[in-house]
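Residue numbers (the working numbering): 7 to 64.
Everything below concerns the one structure shown next.
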Amino acid sequence: MRIKVDTEKCQGHNRCYSLAPELFDVDDYGYATEIDDGTVSLELVDKAKLAAANCTEV
Numbered sequence: 007m008r009i010k011v012d013t014e015k016c017q018g019h020n021r022c023y024s025l026a027p028e029l030f031d032v033d034d035y036g037y038a039t040e041i042d043d044g045t046v047s048l049e050l051v052d053k054a055k056l057a058a059a060n061c062t063e064v
């Protein structure tokens with residue numbers, strides 16, 4: 007599984023980062039970004055799905 011932050015839609019609420027800081031980072035402007043290439047390890051799949059489900063822009 008891979009995650010990708012849609013930078014066109016991200017409003018900087020950072021719910022994803024709050025729920026899964028192992029998968030997301032925040033840039034200098036306060037917008038979420040995926041860490042590295044966005045690859046999600048098996049043990050973090052549930053956290054990735056939770057983060058996506060809590061995003062107000064999805």
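Cβ atoms here follow ideal geometry from the backbone N, Cα and C, with glycine treated the same way.
Exercise for the section: Starting from Ala26, follow the alpha helix (DSSP H) in both directions and report where the run begins and ends. Expected result: Segment: none, Ala26 is in no alpha helix (DSSP H) and carries neither H nor E.
Problem - Val64 classed as buried or exposed, judged by whether at least 16 other C-beta atoms fall within 10 angstroms - result: Here Val64 is exposed. Its C-beta has fewer than 16 other C-beta atoms within 10 Å.
Handout entry: Helix, strand or coil at Glu40 according to DSSP, with G and I counted as helix
Key = strand
Problem - Through-space distance from Tyr35 to Lys15, alpha-carbon basis - result: Cα to Cα, the separation comes out at about 14 Å.
Practice task
Go through its chain and collect everything with a Cβ distance to Gly18's Cβ below 6 Å, but skip five positions before and after it.
Solution key: Gly36 and Tyr37.
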